[in-house]
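Colleague: Provided herewith is a single structure, encoded as structure tokens, for subsequent inquiry.
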Amino acid sequence: MEKKKLLIVEDELTLLETLKYYLEGQGYEVVAATDGAEAISTARIEKPDLVILDVLLPGIDGFEVCRILRQETSIPILMWSAKDEEVDKIVGLELGADGYEAKTINTRELLARIKALLRRERIVRDEIESSGQAGPESPNLGVVFSFNDLVIDDSRREIRRGDEVLELKPKEFELMLFLARNRGIALGRSLILERVWGWDFDGGSRTVDVHIRWLREKIEVDPAHPSRILTVRGIGYRFDG
Ligand code: CA
2 MEKKKLLIVE
12 DELTLLETLK
22 YYLEGQGYEV
32 VAATDGAEAI
42 STARIEKPDL
52 VILDVLLPGI
62 DGFEVCRILR
72 QETSIPILMW
82 SAKDEEVDKI
92 VGLELGADGY
102 EAKTINTREL
112 LARIKALLRR
122 ERIVRDEIES
132 SGQAGPESPN
142 LGVVFSFNDL
152 VIDDSRREIR
162 RGDEVLELKP
172 KEFELMLFLA
182 RNRGIALGRS
192 LILERVWGWD
202 FDGGSRTVDV
212 HIRWLREKIE
222 VDPAHPSRIL
232 TVRGIGYRFD
242 G
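For the sequence shown, my numbering begins at 2 and goes up steadily by one.
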């Protein structure tokens with residue numbers, strides 16, 4: 002039987018080597034990437050059967066890698082992270098990851114998850130093939146969210162309200178897109194900062210408040226009494242659509 006190919010994306014080299022050694026010993030072919038950009042290019046070239054994806058990576062983070070890969074492929078993506086925040090798990094799964102584990106998981110458990118995901122993938126493939134629906138995957142070139150008169154169009158990188166195209170700064174767009182992707186979920190300021198501005202940004206959480214205010218002025222009927230982007234006391238914000 003042909004070896005299954007796993008792509009491990011991990012910037013902690015000791016951990017990467019340990020895991021690679023272990024999984025090769027279990028009969029898998031293992032390819033590796035140590036940052037987000039390398040992860041995407043390696044996935045495209047190597048076409049692995051499954052990706053193990055770290056969240057905190059230099060450059061493009063694991064969430065963004067997951068989002069990009071998910072637009073191109075349906076292979077199982079198992080995200081893992083040293084942090085075990087519940088909201089991370091939700092964001093990861095909303096972006097299309099198939100599983101989410103804390104790095105405290107032991108190697109045997111991890112192996113069991115990998116096997117389960119590969120098995121599930123095989124079953125799904127068999128079902129598609131036997132039902133005759135197999136075909137080239139349609140590329141998804143950007144998501145469009147619409148909430149009544151508000152349309153957030155990732156492919157055109159624009160937001161429309163009714164017939165009007167809103168004038169937005171790039172970060173306002175990114176923030177709005179992030180809120181829309183996580184509609185209905187209370188998002189902390191630090192999480193928003195991390196996802197929209199990146200880890201190395203040190204402008205402080207006031208930046209989030211200022212951008213939220215600008216967005217409200219553009220998308221709310223009454224910015225002083227917002228009904229779309231709500232303040233969640235003690236946490237941050239929640240987009241309700
Ligand atoms: Ca990392």
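By construction, the Cβ of each residue, glycine as well, lies at the ideal position given by its N, Cα and C atoms.
Computed from a prediction, not measured in an experiment: that's the story for all the values here.
I need the DSSP call for ILE41, collapsed to helix, strand or coil.
Modeller: Helix at ILE41.
Colleague: What does the alpha-carbon distance come out to for the pair SER228 and TYR238?
Modeller: Approximately 12 Å, taken between the alpha carbons.
Colleague: Starting from the Cα of SER147, find the closest Cα among LYS172, LEU70, ILE230 and GLY242 and give me that residue.
Modeller: Closest option to SER147, Cα to Cα, is GLY242.
Colleague: For ALA298, count neighbouring Cβ atoms within 10 angstroms of its own Cβ and tell me buried if that reaches 16, exposed if not.
Modeller: Absent from the structure is residue 298, since the part of the chain shown begins at 2 and ends at 242.
Colleague: Do you know whose CA, among ALA187, LEU96, ARG214 and GLU11, lies nearest ARG234's CA?
Modeller: Comparing Cα-Cα distances from ARG234 to each of ALA187, LEU96, ARG214 and GLU11, the minimum goes to ALA187.
Colleague: Using DSSP's beta-bridge definition, name the partner residues of TYR29.
Modeller: Answer by DSSP bridge pairing: none, since TYR29 is not bridged.
Colleague: Distance, Cα to Cα, ARG121 vs LEU169?
Modeller: Their backbone Cα atoms lie some 42 Å apart in a straight line.
Colleague: By Cβ distance below 7 Å, which residues in the same chain neighbour LEU94 in space, the five residues on each side in sequence not counted?
Modeller: Correct list, in chain order: TYR101.
Colleague: Ligand 1 and ASP55: does the residue's C-beta get closer than 7 Å to at least one heavy atom of that ligand?
Modeller: Yes, Cβ of ASP55 sits closer than 7 Å to a heavy atom of ligand 1.
Colleague: What is the rounded straight-line gap between the Cα of THR232 and the Cα of ASP223?
Modeller: Taking the straight line joining both Cα atoms gives about 14 Å.
Colleague: Per the DSSP calculation, ASP154 is bridged to which residue(s)?
Modeller: In DSSP, ASP154 forms a bridge with VAL145 and GLU159.
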